[in-house]
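Please read the structure below before turning to the comments.
Residue numbers (my numbering): 2 to 818.
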């Protein structure tokens with residue numbers, strides 16, 4: 002065995018073996034317990050970053066461990082290949098998005114392979130391939146037939162530079178997250194999927210996910226936002242129409258001093274057609290963000306509409322305003338404004354000198370609500386509320402709701418914050434939406450026999466941001482049966498559509514339908530791994546999409562991911578790594594300098610997976626030093642130690658202690674990897690065992706056999722974490738089979754059993770001696786031995802102990818006066 006560690010040669014040899022033997026090719030086997038481990042697939046940006054490396058190393062360690070435990074493991078990899086970044090890069094570099102994307106995929110695939118990840122590359126998918134997205138188009142047609150898909154005008158965040166709709170999360174300080182342009186509000190036709198039809202199931206299903214972090218489940222519950230409230234009708238004075246509002250605080254109804262409507266409310270739009278000042282205000286509102294967070298902090302602006310409504314209880318006349326903090330997309334687009342008990346209403350009322358009427362007082366008489374400073378938003382006791390005075394807020398909810406219902410002015414409703422999923426984007430590089438427009442404007446689904454609607458890949462951006470608008474060969478579909486012209490939809494799917502079901506396609510990537518019976522063998526995913534930033538949208542959409550597929554008969558399970566691990570970020574100098582901060586670290590350079598195993602070992606040792614990892618150059622060097630020491634340790638003992646059956650062998654105390662340490666380490670690492678996912682403590686335990694091996698002096702064949710057992714345990718325990726070096730070391734130990742085919746070691750209960758104990762002996766709480774005692778010694782024997790110790794006798798000084806306290810297997814405390 003070469004006494005020196007050469008990472009490049011070692012890693013090449015191991016990877017060639019795995020490829021030649023198809024070590025990670027997954028096959029369905031009903032006789033074996035399956036384990037599907039999946040890390041969130043990457044966007045092919047061109048280079049792996051350290052967040053990728055950490056994410057995929059975690060998944061690979063888990064997969065390799067489960068494989069050694071005898072489970073039938075699937076670990077696939079693919080590419081979230083559509084999206085706006087490719088288009089931006091194409092416009093900047095004058096290259097087609099398809100070419101840019103596929104070049105990046107090729108390079109990043111090589112990087113992943115260089116890191117030795119145990120992927121079944123035969124299942125690789127890229128979402129930009131027609132073989133993948135044709136089934137998404139087919140499924141969309143099925144949803145359209147079920148009325149789970151519809152098209153309507155919607156107010157959106159519009160980026161005038163990128164010429165696309167932005168999600169609220171992509172609007173930062175009123176500007177597009179990528180272009181930096183001021184975002185506009187526009188009403189344009191959009192395609193929606195009825196996720197709200199599944200809101201209650203998505204909410205209650207979180208209770209069936211004990212393997213998900215509580216933080217993620219809480220974020221999803223808040224996003225779905227179930228609330229019980231009252232729909233209240235305010236009668237307009239100028240017509241027979243009502244203005245409807247939904248409120249979760251009917252206890253504040255008697256404090257309403259104005260109604261506020263969204264700028265996009267139909268009543269506002271109708272009035273604006275004949276009111277230039279109002280029209281200009283609506284236009285101003287349309288230039289702002291639609292994000293609730295932005296609404297909370299923006300300056301509150303509005304205009305009176307010249308309308309009055311009647312209070313449903315008091316019949317008082319109440320003015321109606323248009324306000325920039327009301328969103329049409331939430332509730333009814335109208336709110337009953339109670340400035341004494343809602344902060345946004347309070348700010349608006351102060352800005353326009355509107356009345357502020359307190360109707361809720363703190364339940365604690367020692368607490369005062371100072372409405373000159375801010376609104377009192379907590380529940381309490383009703384005041385200034387006529388027949389409802391004295392009611393506690395929760396009781397007032399039911400009483401006021403009943404009073405409104407009896408007069409036909411309202412009823413209790415359960416509402417959700419969740420809104421239907423807008424799945425269309427006004428951009429080129431995405432899955433074409435399989436819909437045709439006829440000459441009358443009617444919408445027709447593309448026939449299944451005409452799928453896929455293939456996205457043209459040889460495009461130019463010279464005429465605008467969406468080349469499809471200028472491509473007759475795409476726009477002009479075959480004529481209808483009656484000879485009329487048909488035009489293709491030019492909107493494409495939101496990339497969340499592709500990422501919401503890719504995990505299922507991995508189970509059967511060559512199926513001639515969307516999913517086949519193999520999906521039910523592998524699903525649900527047993528362990529899903531990814532960043533906390535995907536806790537809401539991606540994970541919620543995937544849970545929704547899974548239920549849609551279930552109801553179409555494609556899968557039998559309710560949830561896509563049984564367990565979820567959200568890894569922390571990788572920081573350098575206290576900040577998240579990013580090119581703009583100039584603090585990135587190139588994984589490729591590290592691999593070339595130290596080897597892939599060093600990078601993997603550092604990533605797993607530096608911090609628990611869910612915590613932030615602070616980058617450390619010295620930590621990487623330390624990981625490399627350990628691997629060199631490991632190589633030297635094995636090379637020193639490989640030819641001199643012999644295997645032997647140690648069960649029942651008569652070992653020296655030192656050999657017994659080393660063997661016990663070996664099996665304690667096996668037990669700890671098994672628990673750390675299988676249950677706790679604390680890979681850092683698992684590695685630390687193996688390092689401790691290596692230190693014990695290095696200190697042990699083997700004087701006999703039995704001693705050397707104990708060393709051999711310990712070294713083999715080290716190699717097996719590290720095999721999921723540093724697979725290349727362990728592949729080489731296992732061969733060096735004389736094995737004909739590769740370590741990747743070996744089974745996980747099991748701790749020997751007999752080896753773990755201690756025959757002797759070392760107890761601390763205290764006198765009045767201070768340690769005065771160390772006591773060696775047999776493990777089966779009685780309490781009486783332990784007390785007697787402790788008192789007989791020469792040093793203990795010096796401190797007892799002939800005095801009679803008041804009591805002797807035994808802490809089993811740890812210490813004896815002798816208390817004297």
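Every residue gets a Cβ at the ideal spot worked out from N, C-alpha and C, and that includes glycine.
Close-in-space but distant-in-sequence residues of the same chain around residue 308 (CB under 7 Å, 5 per side omitted): A distance below 7 Å between beta-carbons, with the five flanking residues on each side excluded, links residue 308 to the following residues of its chain, in chain order: 237, 239 and 321.
Segment contact flag, the stretch 422-439 with the stretch 184-198, C-beta cutoff 8 Å, min 3 pairs: Contact between the stretch 422-439 and the stretch 184-198 is established, with three or more Cβ pairs separated by less than 8 Å.
Local Cβ density within 10 Å of residue 375, reported as buried at 16 or more and exposed below that: Around the beta carbon of residue 375, fewer than 16 other beta carbons sit within 10 angstroms, so the residue counts as exposed.
Bridge partner(s) assigned by DSSP for residue 804: Partner residues in the beta bridge of residue 804, as assigned by DSSP, are 816.
Residue 49 classed as buried or exposed, judged by whether at least 16 other C-beta atoms fall within 10 angstroms: Burial call: buried.
Alpha carbon of residue 26 to alpha carbon of residue 71, nearest angstrom: One C-alpha to the other measures close to 15 Å.
Simplified DSSP state of residue 8, which is helix, strand or coil: Secondary structure of residue 8 (DSSP, three-state): helix.
Distance, residue 358 Cα to residue 318 Cα: Cα-Cα distance, rounded: 15 Å.
Other residues of its chain near residue 208: CB distance less than 6 Å, five sequence neighbours each side excluded: Excluding residues within five positions, none has a Cβ falling inside 6 Å.
Candidates 698, 677 and 715: closest to residue 666 by CA position: Answer by Cα proximity: 715.
Alpha-carbon spacing of residue 606 relative to residue 570, whole angstroms: For residue 606 and residue 570, the distance between alpha carbons rounds to 15 Å.
Start and end residues, alpha helix (DSSP H) containing residue 582: No alpha helix (DSSP H) holds residue 582; DSSP gives it neither H nor E.
Nearest neighbour of residue 75, chosen from 97, 101 and 40 [CA to CA]: Residue 40 is the option with its Cα nearest to residue 75.
Per DSSP, the bridge partner or partners of residue 438: Note: residue 438 sits in a beta bridge opposite 444 and 488.
Sequence-distant residues of the same chain with beta carbon closer than 7 Å to residue 584, five excluded per side: Closer than 7 Å at the Cβ level, and outside the excluded window around residue 584, lie 573, 574, 576 and 578.
Start and end residues, alpha helix (DSSP H) containing residue 497: Its alpha helix (DSSP H) spans residues 497-500.
Per DSSP, the bridge partner or partners of residue 169: Its beta-bridge partners do not exist; DSSP assigns none.
Span of the beta strand (DSSP E) around residue 337: Note, residue 337: beta strand (DSSP E), 335-338.
Coil, strand or helix - residue 714 by DSSP: Three-state DSSP puts residue 714 in a helix.
Alpha-carbon to alpha-carbon, residue 142 and residue 450: For residue 450 and residue 142, the distance between alpha carbons rounds to 12 Å.
The stretch 164-183 touching the stretch 524-531, judged by at least three CB pairs closer than 8 Å: Touching, no, given that fewer than three Cβ pairs across the two stretches are closer than 8 Å.
8 Å CB neighbourhood of residue 278 in its chain, flanking five on each side removed: So the qualifying residues of the chain are 304.
Best match in 621, 619 and 604 for proximity to residue 613 [C-alpha to C-alpha]: Of the candidates 621, 619 and 604, the residue whose Cα lies closest to the Cα of residue 613 is 604.
Classification of residue 744 by the beta-carbon crowding that lies within 10 angstroms, buried from 16 upward: It is exposed - the Cβ of residue 744 has fewer than 16 other Cβ atoms within 10 Å.
Those residues which DSSP pairs with residue 321 across a bridge: According to the DSSP secondary-structure assignment, residue 321 is paired through a beta bridge with 260 and 308.
C-alpha gap between residue 642 and residue 727, whole angstroms: Each residue's alpha carbon lies about 18 Å from the other.
Burial state of residue 115 (16 or more Cβ within 10 Å): By the 10 Å Cβ count, residue 115 comes out buried.
Any non-hydrogen atom of the ligand COA closer than 7 Å to residue 506 Cβ: As far as ligands go, the structure on display features none, and thus does not contain the ligand COA.
Whole beta strand (DSSP E) elements within the stretch 519-565, 3-residue minimum: DSSP runs (the beta strand (DSSP E)) wholly in the stretch 519-565: 528-532.
Contained alpha helix (DSSP H) runs [length at least 4] in the stretch 627-688, N- to C-terminal order: Runs found: 654-672.
Three-state class that DSSP yields for residue 16 in the structure shown: Helix, per DSSP.
Check whether residue 732 and residue 684 have beta carbons under 8 Å apart: Their beta carbons are not under 8 Å apart, which means residue 732 does not touch residue 684 by this criterion.
Simplified DSSP assignment, three categories, for residue 412: Of the three classes helix, strand and coil, the one that applies to residue 412 here is strand, per DSSP.
Proximity of residue 468 and residue 454 at Cβ, strictly below 8 Å: Cβ distance not < 8 Å, so residue 468 and residue 454 don't count as in contact.
Anticipated Cβ contact below 8 Å, residue 86 with residue 46, distance rounded: Between residue 86 and residue 46 the beta-carbon gap is near 7 Å, inside 8 Å, which marks them as a contact.
Which residues DSSP lists as bridging residue 73, in chain order: DSSP output for residue 73 lists 35 as bridge partner(s).
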